[in-house]
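Remarks on the structure that follows.
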């Protein structure tokens, strides 16, 4: 597993990006999706995921929807209108950061 | 009892997780809903545990920290909502019109009536928002009992209440300095109005998001 400190600052952006793509997701689904996309390289722990989700909800970037699934209730998270705008901003910011890092780490490599 | 992995938990097993959370003093339904679903989903997809009891035992710390962190975030989110609301009365053109109108009204009241009448009006304007807030908090009754987020609606008005306590018994002293008194009254009114606005907004959100748990 990769150095989790490197991912820590991007956790919120990862969550926002996934929700932008999938429309709505529940907590456990997010942890599994990240694991799947990164081929097990990045594992979001439950102790990190839920505080991040609750913070984004408190900031008004996410809204929740409680739905009955199988034999239990499930809390889904969705992007608000503000959340959609914020996702674009944060993704652009992350891309700029990756480019800058690339210039430092490997000046000859190009992201695009 | 043994469980076959990757099969859905039965109603009885879901109830078992829910009871475990109640045992850990997770009282609010909205918190339990999310935790039950997370723990059930993880157990259904994880092969290393055979017994549900064994799976749940090491989750105690996660459950405890989940509620604690949620409490902190909700509390501060609601307080931020109040302070943003107060700030609007000083920076938003629409709200500044209300601020100017309110200042003019308080000025007229202070200088047009006897200090006894002004005292009564002053106290009523500080108590009334608190009563409205209490009514909003209590209705519907299942909301604040079941939903943790609704619990913090009560704390939104703590700051505006301070004006009431600060004014208690000090009216005669305050009225001696009319400019200070009008400023104090204005701040109290603005805080109470912003507080009620935040309460209404938060309550609407809670009722919208957790409709299933309140009905």
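Residue numbers (my numbering), protein chains in the order written: chain W, 287 to 398; chain B, 669 to 883. Beta carbons are placed, not taken as given, at the ideal position from N, Cα and C, and that holds for glycine.
Bounding residues of the beta strand (DSSP E) (the contiguous stretch that carries residue i)
i: residue 311(W); result: 310 to 312
Per-residue DSSP class, three states only, for residue i
i: residue 358(W); result: strand
i: residue 327(W); result: coil
i: residue 349(W); result: strand
i: residue 820(B); result: coil
i: residue 807(B); result: coil
i: residue 670(B); result: Annotation note: pLDDT 42 at residue 670(B) (below 50); position unreliable, coordinate value reported separately. It is coil, neither helix nor strand.
CB contact check: residue i to chain W, cutoff 8 Å
i: residue 730(B); result: yes
i: residue 735(B); result: no
i: residue 824(B); result: no
i: residue 671(B); result: The predicted model places residue 671(B) with a pLDDT of 42, which falls under 50 and marks its position as unreliable; any figure quoted below should be read in that light. With 8 Å as the cut-off, residue 671(B) does not count as an interface residue toward chain W.
i: residue 742(B); result: yes
i: residue 676(B); result: yes
i: residue 745(B); result: yes
i: residue 760(B); result: no
i: residue 868(B); result: no
i: residue 785(B); result: no
i: residue 841(B); result: no
i: residue 688(B); result: no
i: residue 695(B); result: no
i: residue 874(B); result: no
i: residue 738(B); result: yes
i: residue 881(B); result: yes
i: residue 878(B); result: yes
i: residue 812(B); result: no
i: residue 792(B); result: no
i: residue 788(B); result: no
i: residue 679(B); result: yes
i: residue 708(B); result: yes
i: residue 682(B); result: yes
i: residue 865(B); result: no
Chain B within 8 Å of residue i, Cβ atoms only
i: residue 293(W); result: no
i: residue 332(W); result: yes
i: residue 349(W); result: yes
i: residue 310(W); result: no
i: residue 344(W); result: yes
i: residue 357(W); result: yes
i: residue 376(W); result: no
i: residue 337(W); result: yes
i: residue 319(W); result: no
i: residue 364(W); result: no
i: residue 329(W); result: no
i: residue 305(W); result: no
i: residue 368(W); result: no
The alpha helix (DSSP H) enclosing residue i, as first and last residue numbers
i: residue 859(B); result: 846 to 877
i: residue 384(W); result: 367 to 391
i: residue 675(B); result: Run containing residue 675(B): none; DSSP gives neither H nor E here.
i: residue 333(W); result: 332 to 344
i: residue 394(W); result: Note, residue 394(W): premise wrong, no alpha helix (DSSP H); not H, not E.
i: residue 826(B); result: 826 to 835
i: residue 839(B); result: 839 to 843
Cutoff 8 Å: residue i Cβ touching any chain C Cβ
i: residue 352(W); result: Included in the structure are the protein chains W and B, with no chain C among them.
Taking contact to mean at least 3 C-beta pairs separated by less than 8 Å, is the segment 294 to 313 of chain W in contact with the segment 359 to 370 of chain W?
Contact holds: three or more Cβ-Cβ distances are below 8 Å.
Quick one: complete alpha helix (DSSP H) runs, 4+ long, within the segment 677 to 760 of chain B?
679 to 691, 697 to 713, 720 to 724 and 728 to 759
Pairs of beta-carbons, one from the segment 713 to 732 of chain B and one from the segment 779 to 799 of chain B, closer than 8 Å: are there three or more?
no
For the pair the segment 734 to 746 of chain B and the segment 318 to 337 of chain W, tell me if three or more CB-CB distances fall below 8 Å.
Short answer: they touch.
Would you be able to state if there are at least three C-beta pairs under 8 Å between the segment 696 to 716 of chain B and the segment 365 to 380 of chain W?
Below 8 Å, too few C-beta pairs join the segment 365 to 380 of chain W and the segment 696 to 716 of chain B to call them touching: fewer than three.
Are the segment 808 to 815 of chain B and the segment 851 to 859 of chain B touching, with three or more C-beta to C-beta distances below 8 Å?
As far as the Cβ criterion goes, the segment 808 to 815 of chain B does not touch the segment 851 to 859 of chain B, which means the pair count is below three.
Check whether the segment 820 to 827 of chain B touches the segment 771 to 782 of chain B, taking contact to mean three or more Cβ pairs, one atom from each stretch, closer than 8 Å.
no
Three or more beta-carbon pairs under 8 Å between the segment 746 to 763 of chain B and the segment 861 to 879 of chain B, yes or no?
yes
Contact between the segment 291 to 309 of chain W and the segment 319 to 332 of chain W is defined here as three or more beta-carbon pairs at a separation below 8 Å; is this criterion met?
yes
At a cut of 8 Å, does the segment 832 to 839 of chain B reach the segment 750 to 767 of chain B through at least three beta carbon pairs?
no
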